[in-house]
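These protein sequence lines map, in sequence, to chains X and C.
Heads up: the first sequence at position 310 corresponds to 310 in the numbering used here, and the numbers run straight through without jumps.
Heads up: the second sequence at position 104 corresponds to 450 in the numbering used here, and the numbers run straight through without jumps.
Inspection log for the structure reproduced underneath, given as structure tokens.
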Amino acid sequence: MESLFLDIAQTLTGWLQSLGLSAVWADFILLIIQFACVAGIVTINVIILIWLERKVSGFIQLRLGPNRLGPWGAFQTIADAIKLLTKEDIIPTRTDKWIFRTAPLFFITVAMMLYLVIPMGDGMQIVDLNIGVFYFISLASLSTIALLMAGWSSNNKWSLLGAMRSVAQMISYEIPLTFSLLGVIMIAGSLRLSDIVAAQSNIWFIVFQPVAFITYFIAATAELNRGPFDMPEAEQELTAGAYTEYTGMRWALFFLAEYTNLVAVSAMASTMFLGGWQGPWLPSWLWIIIKTYIIMFVFMWIKWTFPRIRMDHLMSFSWKVLLPVSLANIVVTGVGIYVFKWMGWC
Amino acid sequence: MLSDYSTIGIFLMLTLAFPLAAMGMAWAVRPKPKCKPDDEKLLPYECGVDTIGRTWSRFKVNYFLYALVFLAFDVETIFLFPWAVKFSQLGLFAFVEMLLFIGILLIGLWYAWKEGALEWH
């Protein structure tokens with residue numbers, strides 16, 4: 001079971017090369033199949049996650065959640081997707097049409113590009129980039145622009161306010177997010193994600209970097225615009241934030257991209273702090289799925305437990321608490337590495 | 347073998363196809379009204395009330411201040427990345443130097459804090 005997917009890939013490239021294709025073309029065809037897998041992962045995850053989110057929120061609020069379609073309401077999301085697919089497409093007259101149309105495409109493209117570097121198992125990475133962490137952070141921060149595009153081009157007061165809020169929030173929390181990953185990079189001494197996973201073969205980095213894990217988690221919640229940091233799309237005051245004017249498939253693409261980002265950020269958290277795909281007994285690709293889903297469950301738990309935070313508190317929490325804490329964490333990590341060396345522990 | 351960055355480039359093209367295919371599928375399935383929808387339907391949504399004034403309205407200057415502070419710290423992160431990767435090889439000198447660098451930025455943060463750039467007025 002362990003090397004199931006690697007064996008499939010190897011057999012496939014071997015078969016393609018035996019047909020007389022060059023190595024580059026075999027790689028190219030493999031890449032298309034890998035892309036299809038990523039698209040499948042994204043779609044299936046969204047279907048499961050929306051159902052799970054509604055179920056979790058239901059049980060937290062002592063309700064049942066969706067329970068009509070299929071066993072435990074499992075087909076609810078599929079029905080919703082079909083409904084969204086068949087919606088009429090409305091583009092208001094006063095919008096900036098081209099930016100309005102490109103914003104969801106840009107958002108989902110950026111979100112899917114994140115999956116290139118995530119190690120989804122032992123050796124199961126599409127590209128093992130030598131600047132993997134940096135690639136991930138720089139691409140993840142691009143989703144800010146997609147939200148700004150959506151909010152600005154909609155020509156709607158709710159959208160504009162929502163976009164401004166989300167941009168302010170996302171750029172503020174991006175800095176603690178990046179700084180919290182620096183501690184891990186200092187210990188691992190590499191930006192390559194496979195090296196970082198390999199460095200955790202004995203002890204997970206959450207043991208050395210508990211503060212970094214907590215700051216990463218809080219900053220990631222804000223980056224994803226999830227509750228209690230969901231001021232950008234606070235339903236009660238801004239209807240739907242930057243997505244107010246979107247209907248049907250365009251809106252669905254935004255939703256898809258949000259959950260795609262959620263999976264990517266959670267997978268990154270398990271790779272950086274929880275040992276990635278490493279674990280006993282079960283195959284590696286199952287371990288990363290289990291860890292990612294545990295982290296996503298905690299995200300949902302937090303969302304449905306805490307009330308929404310006010311905008312000024314939200315911003316000052318990032319700049320006045322998280323940023324100094326994560327900077328101090330870098331310094332303490334540096335001192336710690338020297339102490340470890342001096343004591344001869346590593 | 348494809349190089350890392352050509353793989354990323356090809357993957358980018360493929361990812362662009364995903365939302366386009368989704369939009370195409372929606373276009374094939376969704377109802378297309380025969381007559382042109384009236385103007386009311388295509389107004390900006392404001393909970394049923396007609397829009398008053400410009401919809402690209404003014405917003406708080408604070409967003410801009412946060413963006414300025416963000417810029418300083420974002421550039422700092424770019425400098426910190428190579429330092430963090432080579433941290434154990436660089437020795438004590440680089441560590442002390444980076445402490446000074448972080449210290450200078452902390453003074454900057456303290457100044458922004460003191461001047462009220464981080465407050466929500």
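C-beta atoms are modelled at their ideal positions from N, C-alpha and C, and glycine is treated no differently.
Practice prompt. Please say whether I187(X) and F205(X) have beta carbons closer to each other than 8 Å?
Written response: Contact: yes.
Discussion item. Less than 7 Å between C-beta atoms, sequence neighbours within five positions excluded: which residues of the same chain meet that for L314(X)?
Written reply: Counting only Cβ-Cβ distances below 7 Å, and skipping sequence neighbours, we find Q169, F229, M231.
Worksheet item: For L323(X), which residues in chain C fall below 8 Å Cβ to Cβ?
Response: By Cβ distance, chain C contributes F419, L455.
Discussion item. Quick check on R54(X): does DSSP put it in helix, strand or coil?
Written reply: In the three-state DSSP reduction, R54(X) falls in the helix class (H, G or I).
Worksheet item: First and last residue of the alpha helix (DSSP H) that includes I99(X)?
Response: Segment 97–113, the alpha helix (DSSP H) holding I99(X).
Worksheet item: Where does I33(X) sit, in a helix, a strand or coil, going by DSSP?
Response: Three-state result, I33(X): helix.
Item to complete: Taking only beta-carbon positions, decide if K88(X) is within less than 8 Å of chain C.
Response: Note that residue 88(X) corresponds to Glu in the displayed sequence, not to Lys. Yes, E88(X) lies at the interface with chain C (some Cβ there is under 8 Å from its Cβ).
Practice prompt. Please state if the CB of G241(X) and the CB of W158(X) are separated by a distance shorter than 8 Å.
Written response: Contact: yes.
Item to complete: Can you give me, in chain order, the residues of the stretch 347–373 of chain C that have a beta carbon less than 8 Å from any beta carbon in chain X?
Response: Listed in sequence order: M347, L348, D350, T353, I354, I356, F357, L358, L360, T361, L362, F364, P365, L366, A368, M369, M371, A372, W373.
Fill in: Continuous alpha helix (DSSP H) stretch holding E235(X): start and end
Start and end: 235–238.
Fill in: Candidates F299(X), L282(X), L19(X), of which the one nearest N261(X) by Cα
The residue with the shortest Cα to Cα distance from N261(X) is F299(X).
Discussion item. What residue range does the alpha helix (DSSP H) around W429(C) cover?
Written reply: If you look at W429(C), you'll find it in the alpha helix (DSSP H) that goes 408–431.
Item to complete: Would you mind listing the alpha helix (DSSP H) stretches within the stretch 292–341 of chain X that are 4+ residues and don't spill past its ends, in chain order?
Response: Within the stretch 292–341 of chain X, the runs of alpha helix (DSSP H) at least 4 residues long that lie entirely inside it are, in chain order, 311–317.
Discussion item. Measuring only the C-alpha atoms, how far is E386(C) from G394(C)?
Written reply: Their Cα atoms are separated by approximately 10 Å.
Practice prompt. Check whether the Cβ of F273(X) lies closer than 8 Å to any Cβ atom in chain C.
Written response: With 8 Å as the cut-off, F273(X) does not count as an interface residue toward chain C.
Discussion item. One question on the structure: do S326(X) and P92(X) come within less than 8 Å of each other, judged by their Cβ atoms?
Written reply: No, these two residues do not count as a Cβ contact at 8 Å.
Practice prompt. Could you confirm whether any beta carbon from chain X is found closer than 8 Å to the beta carbon of I448(C)?
Written response: Taking 8 Å as the threshold, the shortest C-beta distance from I448(C) to chain X falls below it.
Discussion item. Quick check on DSSP: helix, strand or coil for P365(C)?
Written reply: Looking at P365(C) - three-state DSSP - the assignment turns out to be helix.
Discussion item. Can you tell me whether T13(X) is helix, strand or coil according to DSSP?
Written reply: Reduced to three states, the DSSP call for T13(X) is helix.
Worksheet item: Can you name, in chain order, every residue of its own chain whose Cβ lies under 6 Å from the Cβ of S57(X), other than the five neighbours on each side?
Response: Excluding sequence neighbours, S57(X) sits near W304.
Worksheet item: Between W285(X) and M112(X), which are expected to be in contact by the criterion C-beta below 8 Å, what is the C-beta distance as a whole number of angstroms?
Response: W285(X) to M112(X), Cβ: 19 Å. No contact.
Discussion item. Please report the straight-line C-alpha distance between S190(X) and S201(X), rounded to a whole angstrom.
Written reply: Across the structure, S190(X) and S201(X) are spaced so that their CA atoms are roughly 15 Å apart.
Fill in: Proximal residues to A252(X) (C-beta, below 8 Å), its chain only, five neighbours per side dropped
Here the set comprises A81, L84, L85.
Item to complete: Determine the extent of the alpha helix (DSSP H) in which A458(C) is found, giving its start and end residues.
Response: For A458(C), the enclosing alpha helix (DSSP H) starts and ends at 438–461.
Discussion item. For L105(X), tell me which candidate among M249(X), W51(X), T215(X), V46(X) has the shortest Cα-Cα distance.
Written reply: For the residues M249(X), W51(X), T215(X), V46(X), the minimum Cα distance to L105(X) belongs to M249(X).
Worksheet item: Can you find a CB in chain X that lies within less than 8 Å of the CB of C381(C)?
Response: Under the Cβ criterion of 8 Å, C381(C) is not counted among the residues facing chain X.
Discussion item. Let's test the definition: count the other Cβ atoms within 10 Å of the Cβ of R68(X) and tell me whether it reaches 16, buried, or not, exposed.
Written reply: With fewer than 16 other Cβ atoms within 10 Å, it is exposed.
Discussion item. Please tell me whether, using a cut-off of 7 Å, the distance from the CB of P324(X) to the nearest non-hydrogen atom of the ligand HEM is below it.
Written reply: No copy of the ligand HEM appears in this structure; indeed no ligand is present at all.
Discussion item. Taking 8 Å as the threshold (C-beta atoms), are A264(X) and Y115(X) in contact?
Written reply: Result yes, Cβ atoms of Y115(X) and A264(X) sit closer than 8 Å.
Practice prompt. Find the residues of chain X that neighbour F441(C), judging by a C-beta separation of less than 8 Å, and give them in chain order.
Written response: Within chain X, the residues placing a beta-carbon under 8 Å from that of F441(C) are G334, Y338, ordered along the chain.
Worksheet item: In this structure, does DSSP put P427(X) in helix, strand or coil?
Response: The requested residue 427(X) does not occur in the structure, where chain X is confined to residues 1 to 346.
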